[in-house]
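Numbering-wise, the numbering used here comes out as the position in the sequence shown, counting from 1, plus 369.
Here the structure comes first, spelled out in structure tokens, and everything after it is commentary.
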Amino acid sequence: MNIGSSYQSGLYNNIEILRPGQIKTASGDIIAEDSAKAKQLKRIGQLKCTTCAERKYKDGSDEGNVSFKSAAHISPQRSASAVMSHEMEHVANAYKDAAKNDGHVVAANVKIKTAICPECGRSYVAGGLTTTQIKYDKSDEYSKSNKELIDDAAKGNNLDYSV
Numbered sequence: 370m371n372i373g374s375s376y377q378s379g380l381y382n383n384i385e386i387l388r389p390g391q392i393k394t395a396s397g398d399i400i401a402e403d404s405a406k407a408k409q410l411k412r413i414g415q416l417k418c419t420t421c422a423e424r425k426y427k428d429g430s431d432e433g434n435v436s437f438k439s440a441a442h443i444s445p446q447r448s449a450s451a452v453m454s455h456e457m458e459h460v461a462n463a464y465k466d467a468a469k470n471d472g473h474v475v476a477a478n479v480k481i482k483t484a485i486c487p488e489c490g491r492s493y494v495a496g497g498l499t500t501t502q503i504k505y506d507k508s509d510e511y512s513k514s515n516k517e518l519i520d521d522a523a524k525g526n527n528l529d530y531s532v
């Protein structure tokens, strides 16, 4: 019976063991994972930024017919257009709601929030906020009489004196 080992001389000579917190660059240099050089290489895409790779976006509104109801990943390069188009879905829903209920949109504002990745220093769009104001036509008798009561109650509340 011939018993041998699978070890071949010189097979494992090129293995380098990295300590925790160290990474090997494409050029073969071993650097600290949290060094300025690592941050620079992550920013230009030569090293993978785990924070950017794992970032997910999820809608927090109560509207059911918009994107990102379940968390989804968006790359930092695509985040601006994806978030802006998502916020425009909210604006479109406001216009549909106003048209359906005899109203009109008085104002629609979209705020886009940006942030800086702490790991690679790359800027990205962190989210957005849409606020809309819709004015509905109140031509029923109750609304008219209620407005008259409010107007009557306000008369005489302000008085200007001049001497």
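Using N, Cα and C, we set each Cβ at its ideal position, and we do this for glycine too.
Contact check, A449 vs V460, beta carbons under 8 Å: In this structure, V460 does not lie closer than 8 Å to A449 by Cβ.
Same chain only: Cβ atoms within 7 Å of E432, ignoring 5 sequence neighbours per side: Shown here for E432: same chain residues with a beta carbon closer than 7 Å to its own, the five before and five after excluded, namely H459, N462 in chain order.
Take V474 as the anchor and find which of Q502, G490, I481 has the nearest alpha-carbon. Checking every option, the nearest Cα to that of V474 belongs to Q502.
Below 8 Å on the Cβ atoms is my contact criterion, and I expect I485 with V452 to pass it. Report the Cβ-Cβ distance as a whole number of Å. Taking C-beta atoms under 8 Å as the contact rule, I485 and V452 fail to qualify, at a distance of about 16 Å.
How many Å lie between L498 and K516 at the Cα? The alpha-carbon atoms of L498 and K516 are separated by roughly 33 Å.
What would DSSP say about I410, mapped onto helix, strand or coil? Note that residue 410 corresponds to Leu in the displayed sequence, not to Ile. Residue state, collapsed to three classes: helix.
Quick check: K425 and H442, are their CB atoms within less than 8 Å of each other? At the C-beta level, K425 and H442 come within 8 Å of one another.
Residues in the same chain with beta-carbon distance under 6 Å from R491, minus the five sequence neighbours each way, listed in chain order, please. So the list reads R412, P445, once near-sequence residues are dropped.
Select from Y530, V479, E510 the residue whose C-alpha is nearest the C-alpha of T500. It is V479 whose Cα lies nearest to the Cα of T500.
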